[in-house]
Amino acid sequence: MTYTLTTPLYYVNDKPHLGSAYTTLACDALARFQRLIGEPVLFITGCDEHGQKIQRTAEAAGLSPQAHCDAVSAQYRELWQRWQISNDRLIRTTDPRHRRIVEQFFARVEANGDIVEGRQQGWYCVACEEFKDEPATAAAPQCPIHQRPLEWRDELNLFFRLSRYQESIEALIAQPGFIQPVSRRNEVENFVRQGLRDFSISRVNLPWGIPVPGHDGHTFYVWFDALLGYITALLEEGDAPDLDLAVARGWPAAVHVIGKDILRFHAVYWPAMLLSAGLPLPRQVFGHGFLTREGQKMGKSLGNVLDPALLLERCGRDAVRWYLLRDIPFGEDGDFQQQRFIDLVNNDLANTIGNLLNRTSSMARRWFAGAVPPAGDGARDDHPLAAAAHQARTTTMAALAQLDFRSAAEAALQLAISANGYLNDQAPWSRMKQEGHEAQVAADLYAVLEAARLVALLLAPLLPDLSARMLEQLAEPAAESSRPGATGRNGCAGVGCGRGLPCRSQAR
Ligand code: MSP
């Protein structure tokens, strides 16, 4: 079964920000991990290009909405290329095939009796593209997320009969594992418990959207159209825009990775829409936390927005990936701190991992003509580093499968720390000066080189660049986690080995 994973489809009202880079990096690590263990992966990202927000931004820039979307989506494409994101698809909701998929989906939902006309009154946030539950007051309340006044709306719209799905959605969100992390489930449960209300899925007087078939003057509400982008994205180049074909290509998604602010759309509205159209439901929705910078919310007005393109240019891919994935528990809010960033990168990547690799390869060069020395006792199952390696492999694999990038990073790092510690204890540089100790030095060095190799492989999903450089230095083929559609090459099928990643026996 294809492992389909998605980032949100990013609004193209502005250039990519660190929040979008964060989700995409995490998904990239997950996609690489799944490929490494041999799963066929479809990694989807993309751009959400319709709606009032985009229309207004384009108008303000004096561009047609399409020209504006073309320009910003190109920035996303370029950024993901520079980050070497291994996405298989980049869907744009202005793709003509997407319109056909939305129309077919809508026809099914309508045929199922789930579309009704109704009056929509309420406070709307254009930046969120969402009605808020604020009471009708004379003065406009502020959007709690964007700190901007809400706009009053009173329209005749088409509604999706969400209320019919109360029980199914309650059962779905009660399923262990559907909403992750568990801490985010309560918030959705509370919302659902209050009783699901039908929600409007069309807008009138909004030309920048997909027209609703059979309902003149209506265009689809941007969220109705955008969520379906996950399905359009499954189509291969040259495929006809056929909903069933798209579904057959890789639906349902194994996981939608999103920020916590858009959980309700993914865990409530979207499953109900899919149920109505008779399509399978995503297996998991993972809501990660928000990033702040030096304790402050990032915002244009504060002038403290971190530009991911600039960050990449200044610090490099490995450093940024390491910091974001290793320091911030995925699922919780996190704070980007410059000093901590520098410290972590220096301590972990340079002093621990870099040092391990440099000293081991230089000893192999100096004493063993650059070859891996004879294994001797260094390959024994009861070698002290064997237990550390086993522990690191088991923990990293389990953590990556659960999107716990921090634990995965720590476990791999711990193996590097253990290997460095072992070297310090054995001090082969002193032994080498003594007669008759060469076999022991060889065995020690073998064990440490093997640990370094495993560190590199375990890090492949998190730090593909560093991993590839380490493996190259160790003269080992790179872990095949990057190529879309590739399956693991370094995988071990040996009995008793963790699935996918190599066991010690392969190194001999
Ligand atoms: N277009 C919708 C998603 C549609 S999915 C079918 C959207 N786009 S967005 O560009 O506004 O947001 C994309 C993602 O960025 C969201 O998951 C949001 O949570 C995330 N982030 C925005 N700011 C963020 C931070 N400061 N930190 C982490 N993620 C943040 O919503």
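Every letter in the sequence shown is one number past the one before it in this note's numbering, and letter 374, counting from 1, is 1808. Glycine included, each C-beta is placed from N, C-alpha and C at the ideal position.
Self-check item: Spatial distance of Gly-1737 from Leu-1725 (CA atoms)
Solution: 15 Å
Quiz item: Can you tell me whether Gln-1500 is buried or exposed, with buried defined as 16 or more other CB within 10 angstroms of its CB?
Solution: exposed
Quiz item: Which whole runs of the beta strand (DSSP E) in the stretch 1584-1612 are 3 residues long or more, in chain order?
Solution: 1585-1594
Exercise. Just tell me which of Phe-1802, Val-1889, Pro-1862 and Ala-1861 has its CA closest to the CA of Ala-1845.
Key: Val-1889
Quiz item: Using a threshold of 7 Å, is the CB atom of Gly-1693 nearer than that to any non-hydrogen atom of the ligand MSP?
Solution: yes
Quiz prompt | Proximity to Gln-1555 [Cα-Cα], best of Phe-1658, Phe-1633 and Pro-1610 | solution = Phe-1633
Self-check item: Alpha-carbon spacing of Asp-1971 relative to Arg-1827, whole angstroms
Solution: Outside the displayed span of the chain (1435 to 1942) sits residue 1971, for which this structure offers no information.
Practice problem: On a CA-only basis, which of Gln-1600, Ile-1613 and Phe-1565 is nearest Ala-1701? Give me that one, please. | Solution: Ile-1613
Exercise. Closer than 8 Å by C-beta to Arg-1698: which residues in its own chain qualify, once you throw out the five before and the five after it? Chain order, please.
Key: Val-1622 and Phe-1625
Quiz item: Does DSSP classify Lys-1694 as helix, strand or coil?
Solution: helix
Quiz item: Helix, strand or coil: which one does DSSP assign to Tyr-1444?
Solution: strand
Quiz item: Closer than 7 Å: is that where the CB of Gly-1663 sits relative to any heavy atom of the ligand MSP?
Solution: yes
Quiz item: From Cys-1481 to Ala-1463, what distance separates their C-alpha atoms?
Solution: 20 Å
Quiz item: In terms of residue numbering, what span does the alpha helix (DSSP H) encompassing Phe-1658 cover?
Solution: 1656-1661
Exercise. Report buried or exposed for Leu-1590, applying the criterion of at least 16 other Cβ atoms within 10 angstroms of its Cβ.
Key: exposed
Quiz item: Once you ignore the five residues that flank Pro-1474 on each side, which residues in its own chain have a CB closer than 6 Å to its CB?
Solution: Thr-1436
Self-check item: Short Cβ contact (8 Å threshold) for Ile-1471 with Leu-1662
Solution: no
Quiz item: For Gly-1574, which residues from the same chain have a beta carbon less than 8 Å from its beta carbon, with the 5 sequence-adjacent residues on both sides left out?
Solution: The sequence given here places Ala at residue 1574; Gly does not occur at that position. Contacts found: Trp-1557, Pro-1583, Leu-1584, Glu-1585 and Trp-1586.
Quiz item: Hey, Ala-1886 and Thr-1786 are a contact pair by Cβ (cut 8 Å); roughly how many whole angstroms apart?
Solution: Their Cβ separation, rounded to whole angstroms, is 11 Å, which puts Ala-1886 and Thr-1786 out of contact at 8 Å.
Quiz item: Mind checking whether the beta-carbon of Phe-1724 lies closer than 7 Å to any heavy atom of the ligand MSP?
Solution: yes
Quiz item: What do you reckon, are the CB atoms on Val-1503 and Val-1560 nearer than 8 Å?
Solution: The sequence shown places Cys at residue 1503, rather than the Val named in the question. Cβ distance not < 8 Å, so Cys-1503 and Val-1560 don't count as in contact.
Quiz item: Any idea what DSSP makes of Ile-1549, helix, strand or coil?
Solution: strand
Practice problem: Check whether the Cβ of Ala-1660 lies closer than 7 Å to any heavy atom of the ligand MSP, and answer yes or no. | Solution: yes
Quiz item: Distance, Cα to Cα, Glu-1766 vs Ile-1776?
Solution: 21 Å
Quiz item: Pick from Ala-1455, Ser-1507 and Gln-1848: whose alpha carbon is nearest that of Gln-1518?
Solution: Ala-1455
Self-check item: Cα-Cα separation, Met-1899 to Phe-1802
Solution: Note on identity: in this sequence residue 1899 is Asp, with Met being the wrong assignment. Roughly 27 Å between the two C-alpha positions.
Self-check item: Assigned exposure category for His-1690 - 16 Cβ within 10 Å defines buried
Solution: buried
Quiz item: When the Cα atoms are used, what is the spatial distance from Arg-1865 to Gln-1772?
Solution: 42 Å
Quiz prompt | Backbone secondary structure at Asn-1924 - three-state DSSP | solution = Note on Asn-1924: pLDDT 38, under 50, position unreliable in the model; the coordinate value appears next. Asn-1924 falls in the coil class under three-state DSSP.
Quiz item: Is the closest heavy atom of the ligand MSP to the C-beta of Ser-1454 under 7 Å?
Solution: yes
Self-check item: Any non-hydrogen atom of the ligand MSP closer than 7 Å to Leu-1457 Cβ
Solution: First, the amino acid is wrong: residue 1457 is Thr here, not Leu. Yes - the ligand MSP has a heavy atom lying nearer than 7 Å to the Cβ of Thr-1457.
Quiz item: What are the partner residues of Ser-1617, as DSSP defines its beta bridges?
Solution: According to DSSP, which records beta bridges pairwise, Ser-1617 is partnered with nothing at all.
Quiz item: Within the present structure, is the beta-carbon of Asp-1482 separated from the nearest heavy atom of the ligand MSP by less than 7 Å?
Solution: yes
Exercise. Provide the residue span of the alpha helix (DSSP H) that contains Ile-1851, from first to last.
Key: 1839-1860
Self-check item: Of the listed residues Arg-1598, Ala-1541, Leu-1893 and Ala-1821, nearest to Ala-1842 (C-alpha basis)
Solution: Leu-1893
Quiz prompt | Opposing strand residues paired with Ser-1636 [DSSP bridges] | solution = Phe-1654
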